[in-house]
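In terms of mature numbering (1 follows the signal peptide of the UniProt record, and there is no 0), the sequence shown is residues -39 to -1, 1 to 103.
Where is the CB? At the ideal position from N, CA and C, for every residue including glycine.
All figures in this text were calculated on a predicted structure; none of them were measured in a lab.
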Amino acid sequence: MITQLPTPWRKPVHQSTKRLVWIPLALALMLQPSARVQAETPTDAAIASNVRQELANHPALGDERITVVVHNGILALSGYVDSLYEQAVADTVAKRVNGVRAVDNQLRRRIETPAPLVVEPAADLDADVDTGPDSPVGPGLR
């Protein structure tokens, strides 16, 4: 003989409980990345072009030669700038461009080398030296 197990007693579900179940589900669906958002991500070539344009238009970086290379949204800046300020400005400008995931700032500060010291030989070295009997050099010390 098979005995039937008793059915569990069931409480009625209130409307507010049903709403609490649907709200997180709706939020999860809205926040899920869609194919449309992924299709709008710019290509590496477009990112590089936009970064070059932004760097060229910035007043602090007018005539600087900065090389821009992008791979999978990761940007590498290389070249020379005049100061640490310009290096920081280039980094900040690059990070603001749409599609840039990270910036590898390899910019170096340009060091100005002084002009070489040119020593010209004098025409007659002995012309200015006093070698008389009362001179500190003394007579005959040529």
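Tell me whether residue i sits in a helix, a strand or coil according to DSSP, three-state version.
i, result
"residue 13", "helix"
"residue 79", "coil"
"residue -16", "helix"
How would you write the range of the beta strand (DSSP E) that residue i sits in, first residue to last?
i, result
"residue 63", "63 to 70"
Starting from residue i, trace the alpha helix (DSSP H) both ways and give me its first and last residue.
i, result
"residue 30", "Residue 30 -> not in any alpha helix (DSSP H); beta strand (DSSP E) instead, spanning 26 to 32."
"residue 21", "Premise fails: residue 21 is in no alpha helix (DSSP H) and is neither H nor E."
"residue 42", "Run containing residue 42: none in the alpha helix (DSSP H); it sits in the beta strand (DSSP E), 35 to 42."
"residue 47", "45 to 56"
Hey, how far is the Cα of residue i from the Cα of residue j?
i, j, result
"residue 45", "residue -12", "45 Å"
"residue 2", "residue 77", "52 Å"
"residue 51", "residue 62", "15 Å"
"residue 79", "residue 29", "39 Å"
"residue 70", "residue 49", "11 Å"
"residue 21", "residue 82", "44 Å"
"residue -9", "residue 8", "25 Å"
"residue 73", "residue 18", "25 Å"
"residue 11", "residue -16", "38 Å"
"residue 58", "residue 43", "23 Å"
"residue 47", "residue 75", "22 Å"
With a threshold of 6 Å on Cβ separation, who are the neighbours of residue i within its own chain once the five nearest residues in sequence on each side are excluded?
i, result
"residue 26", "40"
"residue 64", "36, 52, 55 and 56"
"residue 13", "29"
For residue i, collect the residues of the same chain with a Cβ closer than 8 Å to its Cβ; drop the 5 residues on either side in sequence, then sort them by chain order.
i, result
"residue 106", "For the chain, the structure presents residues -39 to 103; residue 106 sits outside this window and is missing."
"residue 16", "22, 25, 27, 29, 51, 54 and 55"
Identify, in the order they occur along the chain, each residue of the same chain with its Cβ nearer than 7 Å to the Cβ of residue i, setting aside the five sequence neighbours on each side.
i, result
"residue 67", "37, 38 and 39"
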